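Protein chains: 2
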Amino acid sequence: MAVDIALVHFPVINKSGETIGSAVTNLDIHDIARAAKTYGVDDYYIVTPYTDQQELIKEIIEHWRTGHGAGYNPARKSALESVKLLDNLEDVVRQVTTKRGRKPVLITTSAQHRENSITFTETRQRIASDEPVLLLFGTAHGLAPKVLEQADYTLLPIKGGTRYNHLSVRSAASIILDRLLGYREGE
Amino acid sequence: MAVDIALVHFPVINKSGETIGSAVTNLDIHDIARAAKTYGVDDYYIVTPYTDQQELIKEIIEHWRTGHGAGYNPARKSALESVKLLDNLEDVVRQVTTKRGRKPVLITTSAQHRENSITFTETRQRIASDEPVLLLFGTAHGLAPKVLEQADYTLLPIKGGTRYNHLSVRSAASIILDRLLGYREGE
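So the protein lines, in turn, are chains A and B. Going by the numbering used here, the first residue of the first sequence is number 1, and it counts up by one from there. Going by the numbering used here, the first residue of the second sequence is number 188, and it counts up by one from there.
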């Protein structure tokens, strides 16, 4: 299994569909790091070009990795060890390619159905056959069209049997990791 | 389908296993309300006996239901409409019993395996056959033993194929709703 994930703060869209950069949300770091650790994701990349945001993320991570939080909550320390901070998506793809020895399959996630869609079942199979996979999650109102267009595939949107499709990125990432990597035998 | 959920702030346990009351986390309200709305949950009960915490929750909910947030983000308004605030679990069970015309099956969730465990598959089947189900989620380090002992069943813990089992309650609730109520045909 060779899965990495990235949480993208630029380029994403706002509710009018304009391309923006979003601010970091503290619990995006924690919740997605904990889910990544639970499901055996290798690296969790947080992507933002903004220096002030990078400083904030570093402070949060250091508090839990080596500061007061490390002794207080070793489980959190261990989850945050997989977090890596990078300026842009190109650097993420480059790092993952170097680590895996080949370019990963780039799979974006979206609340909308897209033409290059891939099912959860097929993605599970690709992961099971040890293809390197890089999953991208967007903050704000989702990944910018530019990013979606670069991807090899876009995962089918999560459907819950209703017409409401406004999950938080924390919920969506957790559900997607469970659908792709969750252990189900006998459950 | 007749599913309600409750997020419990008392009685829960701290990391030493002592029974405590926990403080409300803003994003627990939002994320779980959005997941509940996505998966067709009827009511999302937030349970705390503390007056100051109740005031805080009311302020947050009112901001999004009728305040500035309602116009800014109608999707959030609609998710928060299912949130109900109650003092204790007994009141939740009473309200759900009145609404459903019978006592719901009380199912707790836990990161640990318990003797009264129920599988996700069996719970799905009970929900599909229209049994009223009330799912309980614990904040802090989980529901107090007293609550777990009152339950008809405890859902199997979420496993991710690793030994790490420290998901946030926001992630756990989202994943559990997806496993129990998620639409999967053709996915």
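Don't be surprised by glycine CBs; every beta carbon is placed ideally from N, CA and C. As the structure is a computational prediction, the values presented were derived from the model and not from experiment.
Original post:
Candidates A:Ala36, A:Ile20, A:Arg126, A:Asn14: which alpha carbon is nearest aspartate 152 of chain A's?
Top reply: If we check each option's Cα against that of aspartate 152 of chain A, A:Arg126 comes out closest.
Original post:
Going by the beta-carbon positions, is the gap between leucine 190 of chain A and isoleucine 107 of chain A smaller than 7 Å?
Top reply: Because chain A in this structure spans residues 1 to 187, residue 190 of chain A falls outside the shown range and cannot be described.
**OP:** Report the option in B:Arg252, B:Thr225, B:Asp229 whose CA atom is closest to the CA atom of aspartate 317 of chain B.
**Re:** Of the candidates B:Arg252, B:Thr225, B:Asp229, B:Asp229 places its Cα closest to the Cα of aspartate 317 of chain B.
Original post:
When burial is assigned at 16 or more other CB atoms within 10 Å of the CB, is aspartate 365 of chain B buried or exposed?
Top reply: Buried: at least 16 other Cβ atoms inside 10 Å.
**OP:** Flag glutamate 374 of chain B as yes if its beta-carbon sits less than 7 Å from any beta-carbon of chain A, otherwise no.
**Re:** True, the Cβ-Cβ gap to chain A drops below 7 Å.
Original post:
If you drop the 5 nearest sequence neighbours on each side, which residues of the same chain put their C-beta closer than 7 Å to that of arginine 34 of chain A?
Top reply: The residues are Ala79.
**OP:** Take the Cβ of glycine 329 of chain B as the centre, count every other Cβ of all protein chains shown within 10 Å, and call the residue buried at 16 or more, exposed below.
**Re:** In this structure glycine 329 of chain B is buried. Its beta-carbon is surrounded by 16 or more other beta-carbon atoms within 10 angstroms.
Original post:
Is it the case that the Cβ atoms of leucine 343 of chain B and threonine 306 of chain B are separated by a distance below 7 Å?
Top reply: Yes, they are a contact pair.
Original post:
Using the C-alpha atoms, what's the distance from serine 203 of chain B back to serine 117 of chain A?
Top reply: Our two residues, serine 117 of chain A and serine 203 of chain B, have alpha carbons roughly 46 Å apart in a direct line.
Original post:
Listed from N- to C-terminal order along the chain, which residues in the region 284-315 of chain B have their beta-carbon within a distance smaller than 7 Å of any beta-carbon of chain A?
Top reply: Residues of the region 284-315 of chain B with a C-beta atom less than 7 Å from some C-beta of chain A are Thr306, Phe307, Thr308, listed in chain order.
Subject >> Cβ neighbour criterion (16 or more within 10 Å) applied to aspartate 278 of chain B >> reply: Exposed: under 16 other Cβ atoms inside 10 Å.
**OP:** Give the DSSP bridge partners of lysine 84 of chain A, in chain order.
**Re:** Bridge partners of lysine 84 of chain A: A:Tyr45.
Subject >> Closest Cα partner of leucine 291 of chain B within the set B:Asp215, B:Val320, B:Lys245, B:Leu354 >> reply: Note on residue identity: the sequence assigns proline, not leucine, to residue 291 of chain B. That would be B:Val320, whose Cα lies nearest to the Cα of proline 291 of chain B.
Subject >> Range covered by the alpha helix (DSSP H) that runs through glycine 258 of chain B >> reply: Here the alpha helix (DSSP H) through glycine 258 of chain B covers 255-259.
Subject >> Under 7 Å between C-beta atoms of proline 236 of chain B and phenylalanine 197 of chain B >> reply: Yes.
Subject >> valine 169 of chain A (DSSP reduced to helix, strand or coil) >> reply: Three-state DSSP puts valine 169 of chain A in a helix.
Original post:
DSSP beta-bridge partners for aspartate 4 of chain A?
Top reply: In the DSSP output, where bridge partners are listed per residue, aspartate 4 of chain A has A:Leu134.
**OP:** Measuring alpha carbon to alpha carbon, tell me which of B:Ile345, B:Ile216, B:Leu243, B:Thr225 ends up nearest tyrosine 232 of chain B.
**Re:** Of the candidates B:Ile345, B:Ile216, B:Leu243, B:Thr225, the one whose C-alpha sits nearest the C-alpha of tyrosine 232 of chain B is B:Ile216.
Subject >> chain A contacts made by the region 226-239 of chain B, where a contact means CB separation under 8 Å >> reply: Those would be Tyr226, Gly227, in chain order.
Original post:
Can the beta-carbon of isoleucine 175 of chain A be found closer than 7 Å to that of isoleucine 362 of chain B?
Top reply: Remark: C-beta atoms of isoleucine 175 of chain A and isoleucine 362 of chain B approach each other more closely than 7 Å.
Original post:
In chain B, which residues lie less than 8 Å from threonine 162 of chain A when you measure between Cβ atoms?
Top reply: For threonine 162 of chain A, the C-beta contacts it makes with chain B under 8 Å involve Lys224, Thr225, Tyr226, Gly227, in order along the chain.
Subject >> Where leucine 335 of chain B sits in the DSSP three-state scheme >> reply: Note: leucine 335 of chain B maps to helix in three-state DSSP.
**OP:** Spell out whether any CB of chain A is found under 7 Å from the CB atom of arginine 252 of chain B.
**Re:** For arginine 252 of chain B, the answer is no, since every Cβ of chain A falls outside 7 Å of its Cβ.
**OP:** Select from B:Gly254, B:Thr225, B:Asn213 the residue whose C-alpha is nearest the C-alpha of glutamine 241 of chain B.
**Re:** Nearest of B:Gly254, B:Thr225, B:Asn213 to glutamine 241 of chain B, Cα basis: B:Asn213.
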